[in-house]
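A.B. asks:
Number of protein chains: 2
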Amino acid sequence: MEEQIVQPYHHGDLRRVLIESALDMLHEFKSWQFTLREVARRAGVSHAAPYRHFPDKVALLSELAKVGFDMLGVELTAALLDHLSVEEQLVVAAKAYIKFGNANPALYHLMFSSDAGEQDEVHLNERAIATLNVLTTLLERGQKEGVFKNRPVHGNAGACWALVHGLTMLSMNGLLLPEKVGDKPIDSALATLLEGLRA
Amino acid sequence: MEEQIVQPYHHGDLRRVLIESALDMLHEFKSWQFTLREVARRAGVSHAAPYRHFPDKVALLSELAKVGFDMLGVELTAALLDHLSVEEQLVVAAKAYIKFGNANPALYHLMFSSDAGEQDEVHLNERAIATLNVLTTLLERGQKEGVFKNRPVHGNAGACWALVHGLTMLSMNGLLLPEKVGDKPIDSALATLLEGLRA
DNA sequence: ACCTGAACACCGTTCAAGT
DNA sequence: ACCTGAACACCGTTCAAGT
Numbered sequence: 185m186e187e188q189i190v191q192p193y194h195h196g197d198l199r200r201v202l203i204e205s206a207l208d209m210l211h212e213f214k215s216w217q218f219t220l221r222e223v224a225r226r227a228g229v230s231h232a233a234p235y236r237h238f239p240d241k242v243a244l245l246s247e248l249a250k251v252g253f254d255m256l257g258v259e260l261t262a263a264l265l266d267h268l269s270v271e272e273q274l275v276v277a278a279k280a281y282i283k284f285g286n287a288n289p290a291l292y293h294l295m296f297s298s299d300a301g302e303q304d305e306v307h308l309n310e311r312a313i314a315t316l317n318v319l320t321t322l323l324e325r326g327q328k329e330g331v332f333k334n335r336p337v338h339g340n341a342g343a344c345w346a347l348v349h350g351l352t353m354l355s356m357n358g359l360l361l362p363e364k365v366g367d368k369p370i371d372s373a374l375a376t377l378l379e380g381l382r383a
Numbered sequence: 185m186e187e188q189i190v191q192p193y194h195h196g197d198l199r200r201v202l203i204e205s206a207l208d209m210l211h212e213f214k215s216w217q218f219t220l221r222e223v224a225r226r227a228g229v230s231h232a233a234p235y236r237h238f239p240d241k242v243a244l245l246s247e248l249a250k251v252g253f254d255m256l257g258v259e260l261t262a263a264l265l266d267h268l269s270v271e272e273q274l275v276v277a278a279k280a281y282i283k284f285g286n287a288n289p290a291l292y293h294l295m296f297s298s299d300a301g302e303q304d305e306v307h308l309n310e311r312a313i314a315t316l317n318v319l320t321t322l323l324e325r326g327q328k329e330g331v332f333k334n335r336p337v338h339g340n341a342g343a344c345w346a347l348v349h350g351l352t353m354l355s356m357n358g359l360l361l362p363e364k365v366g367d368k369p370i371d372s373a374l375a376t377l378l379e380g381l382r383a
């Protein structure tokens, strides 16, 4: 009589399911509402089950942050089309970055809220630095091509990252209003940056 | 025999005491550990008392964010000494901003986590925009003096704010490591910005 | 090896009751 | 008008017990 599909006792792939449920949740509300019990509920599992896969809530959060950086990395490298000039690639990458933040505000917030534990912080920072390296590579290419001034690339890459990160956060928070900050604040901010970089 | 000083039943100034206890807490740990009951405990009051002064936790948090922006505004204007050139003032203000963030990381985080409610968000954004206005004023002066290019100031002010905000967050999170980003990442980022602004 | 259910100590919020 | 204490529904985490 019972037509219900019975879930197997061993889920098999619970770790991945937990991460995906968690990512879904971060799309639906702000990251500070994030609840381990709700993640378990969505994964169709008891509230104690996640503890077989993550030592605590913070561990899951920092895993999500890592996944976020990986996703961002994919978006960034996908934006770097070969037929574009270095300057165009820089602009395109910046816009992809900002778009990612606005598409995943809660996740993006998490990525920079340093909720990670001591051990995880190292791995998390590695992923963050990978983002920086995309920019560093672009700037080095620009210098080789003579488009950009010959300056320590690392400093300039830091400047690019800070600017783009700042634009992302401000636009996520609705603080880049056209009335207050000009018609196309992002374009003009990037234009100013490029003028600072150009040879 | 009892020498204890008895607290009056009516606290008198509980609202201010709550805010100050809360600010103390934000100095001691990360903002996501913030607990209303702990604030009440530190204020020496029952855990229900705060509800006579704030409708809910979020309301207190966004009040703290407002206070944070006001504190930041004080730091910024204090940094603007008259005998400095516009460029120097811009650098000095940026460094004061970054210093503020590193001195109050949990508070700074809160200021930009948009935990505020609908109504409060307006007032909060007003304070945030006040920060932007300090930069806008500086850029306008720079243009009048012929030091900076004649560009829509609002766009450039947005760029400055984004860069400084980004540098603040990255340095708060320990992501501006000398090994990865050059010796003095903040100085060189600001130098690049100035070159973009200069006439 | 992986999951459940009950249990513990907490939290946000409400509300009758006290001063 | 302002505060307390008990109460409710939640949460993170643990642990014996189940499969």
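Read top to bottom, the protein sequences are chains R and S.
In terms of my numbering, the first sequence opens at residue 185 and continues consecutively.
In terms of my numbering, the second sequence opens at residue 185 and continues consecutively.
Every residue, glycine too, gets a C-beta built ideally from N, C-alpha and C.
1. What three-state label does DSSP hand arginine 311 of chain S in the structure shown?
2. What is the rounded straight-line gap between the Cα of leucine 377 of chain R and the Cα of glycine 342 of chain S?
3. Is arginine 335 of chain R helix, strand or coil by DSSP?
4. Return the chain-ordered list of same chain residues with a C-beta closer than 6 Å to the C-beta of leucine 381 of chain S, the five sequence neighbours on each side being excluded.
5. Report the rounded CA-to-CA distance for valine 190 of chain R versus leucine 210 of chain R, giving the unit in angstroms.
6. Return the CA-CA distance between arginine 236 of chain S and glycine 228 of chain S, expressed in angstroms with no decimal places.
7. Residues of the stretch 217-232 of chain R with a CB closer than 9 Å to any CB of chain S: list them in chain order, please.
8. Just to make sure I have the definition right: I need the residues of chain S whose C-beta is within less than 8 Å of the C-beta of serine 372 of chain R. Which are they?
9. Let me know the secondary structure DSSP gives leucine 198 of chain R once reduced to three states.
10. Which whole-angstrom value is the C-beta distance of isoleucine 313 of chain R and glutamate 247 of chain R, which I expect to be below 8 Å?
11. When you compare the CB of valine 270 of chain S with every CB in chain R, is at least one pair closer than 9 Å?
12. Comparing C-alpha positions only, which one of R/Tyr292, R/Phe218, R/Glu324 sits nearest to aspartate 254 of chain R?
13. Could you tell me whether the Cβ atoms of alanine 249 of chain R and aspartate 299 of chain R are closer together than 9 Å?
14. Starting from alanine 224 of chain R, trace the alpha helix (DSSP H) in both directions and tell me its first and last residue.
15. May I ask you to list, following chain order, the residues of the stretch 289-310 of chain R that have a beta carbon less than 7 Å from some beta carbon of chain S?
16. Is the beta carbon of alanine 206 of chain S closer than 9 Å to that of leucine 256 of chain S?
17. Given a cut-off of 9 Å on the beta-carbon distance, is the pair threonine 352 of chain S and phenylalanine 284 of chain S in contact?
18. Does alanine 278 of chain R pass the burial test, meaning 16 or more other C-beta atoms within 10 Å, or should it be called exposed?
19. Going by beta carbon distance, what residues of the same chain come within less than 8 Å of glutamate 187 of chain R, once the five residues before and after it are set aside?
20. For proline 369 of chain S, which residues in chain R fall below 7 Å Cβ to Cβ?
21. Pairing CB atoms from the stretch 322-330 of chain R with CB atoms from the stretch 316-331 of chain S, are three or more of them under 8 Å?
22. Determine, using beta carbons only, whether leucine 244 of chain S comes closer than 9 Å to chain R.
23. Let me know the alpha helix (DSSP H) ranges lying completely inside the stretch 256-284 of chain S, each 4 residues or longer, listed in chain order.
24. Just how far apart, CA to CA, sit valine 201 of chain S and alanine 263 of chain R?
25. Need the endpoints of the alpha helix (DSSP H) that glutamate 379 of chain R sits in, please.
26. By DSSP, does proline 289 of chain S sit in helix, in strand, or in coil?
27. Would you kindly work out how many angstroms separate the C-alpha atoms of cysteine 344 of chain R and alanine 346 of chain S, rounded to a whole number?
28. Less than 9 Å separating the beta-carbons of proline 369 of chain S and glycine 339 of chain R?
29. Quick one: what does DSSP say aspartate 240 of chain S is sitting in, helix, strand or coil?
30. Below 8 Å on the Cβ atoms is my guess for alanine 287 of chain R versus serine 215 of chain R; work out the distance and round it to an integer in Å.
31. Pull up the distance between the alpha-carbon of histidine 231 of chain R and that of serine 297 of chain R, whole angstroms please.
C.D. replies: Answer, in terms of the structure:
1. By one-based count along the second sequence, residue 311 of chain S stands at place 127. Correct three-state label for arginine 311 of chain S: helix.
2. Here residue 377 of chain R refers to the residue found at position 193 of the first sequence. Here residue 342 of chain S refers to the residue found at position 158 of the second sequence. Spanning the two alpha carbons is a distance of roughly 12 Å.
3. Position 151 of the first sequence, counted from the start, is the residue given in the question as residue 335 of chain R. DSSP places arginine 335 of chain R in coil when its eight states are reduced to three.
4. Start at 1 with the first residue of the second sequence, and residue 381 of chain S comes out as number 197. Excluding residues within five positions, the ones whose Cβ falls inside 6 Å are Phe332.
5. Counted from its first residue, the first sequence places residue 190 of chain R at position 6. Counted from its first residue, the first sequence places residue 210 of chain R at position 26. Its pLDDT being 47, under 50, valine 190 of chain R is placed unreliably by the model, and the measurement read from it follows with that caveat. Roughly 28 Å between the two C-alpha positions.
6. As a working mapping, residue 236 of chain S is identified with position 52 in the second sequence. As a working mapping, residue 228 of chain S is identified with position 44 in the second sequence. When rounded, the distance between both Cα atoms is 15 Å.
7. none
8. Locating residue 372 of chain R in the first sequence gives position 188, counting from the first residue. The answer, in chain order, is Arg335, Pro336, Gly339, Asn340, Gly342, Ala343.
9. Here the question's residue 198 of chain R lines up with position 14 in the first sequence. Of the three classes helix, strand and coil, the one that applies to leucine 198 of chain R here is helix, per DSSP.
10. Numbered from its first residue, the first sequence carries residue 313 of chain R at position 129. Numbered from its first residue, the first sequence carries residue 247 of chain R at position 63. With a Cβ gap of about 18 Å, isoleucine 313 of chain R and glutamate 247 of chain R do not count as contacting.
11. Working through the second sequence from its first residue, we reach residue 270 of chain S at position 86. No, no contact with chain R.
12. On the first sequence, position 70 is the one that residue 254 of chain R refers to. Nearest of R/Tyr292, R/Phe218, R/Glu324 to aspartate 254 of chain R, Cα basis: R/Tyr292.
13. Taking the first residue of the first sequence as position 1, residue 249 of chain R is located at position 65. Taking the first residue of the first sequence as position 1, residue 299 of chain R is located at position 115. Result yes, Cβ atoms of alanine 249 of chain R and aspartate 299 of chain R sit closer than 9 Å.
14. Indexing the first sequence from 1 puts residue 224 of chain R at position 40. Alanine 224 of chain R -> alpha helix (DSSP H) spans 220-226.
15. His293, Phe296, Ser297, Ser298, Asp299, Asn309
16. Within the second sequence, residue 256 of chain S is the residue found at index 72, counting from 1. Within the second sequence, residue 206 of chain S is the residue found at index 22, counting from 1. No, the pair does not count as a contact, with Cβ atoms beyond the cut-off.
17. Walking along the second sequence from the start, residue 352 of chain S turns up at place 168. Walking along the second sequence from the start, residue 284 of chain S turns up at place 100. Taking 9 Å as the Cβ cut-off, threonine 352 of chain S and phenylalanine 284 of chain S qualify as a contacting pair.
18. Here residue 278 of chain R refers to the residue found at position 94 of the first sequence. Buried, since its Cβ has 16 or more Cβ neighbours within 10 Å.
19. The residue you call residue 187 of chain R lines up with position 3 of the first sequence. Model confidence at glutamate 187 of chain R stands at a pLDDT of 33, short of 50, so the residue's coordinates are unreliable; what they give is reported in the following sentence. There are no such residues.
20. For the purposes of this step, residue 369 of chain S is identified with residue 185 of the second sequence, where counting begins at 1. Within 7 Å Cβ-Cβ: Gly339, Gly342.
21. no
22. Indexing the second sequence from 1 puts residue 244 of chain S at position 60. By this cut-off, leucine 244 of chain S is not an interface position.
23. none
24. Translated into the one-based positions of the second sequence, residue 201 of chain S becomes position 17. Translated into the one-based positions of the first sequence, residue 263 of chain R becomes position 79. Each residue's alpha carbon lies about 51 Å from the other.
25. Numbered from its first residue, the first sequence carries residue 379 of chain R at position 195. Run containing glutamate 379 of chain R: 369-381, per the alpha helix (DSSP H) assignment.
26. Here the question's residue 289 of chain S lines up with position 105 in the second sequence. If DSSP states are grouped into helix, strand and coil, proline 289 of chain S belongs with the helices.
27. The residue you call residue 344 of chain R lines up with position 160 of the first sequence. The residue you call residue 346 of chain S lines up with position 162 of the second sequence. Taking the straight line joining both Cα atoms gives about 10 Å.
28. If you number the second sequence from 1, residue 369 of chain S lands on position 185. If you number the first sequence from 1, residue 339 of chain R lands on position 155. Yes, the Cβ-Cβ distance between proline 369 of chain S and glycine 339 of chain R is below 9 Å.
29. Translated into the one-based positions of the second sequence, residue 240 of chain S becomes position 56. Here aspartate 240 of chain S sits in coil by DSSP.
30. Counting from 1 along the first sequence, the entry for residue 287 of chain R is found at position 103. Counting from 1 along the first sequence, the entry for residue 215 of chain R is found at position 31. Not confirmed; about 14 Å, so no contact.
31. Counting from 1 along the first sequence, the entry for residue 231 of chain R is found at position 47. Counting from 1 along the first sequence, the entry for residue 297 of chain R is found at position 113. C-alpha separation (whole angstroms): 25 Å.
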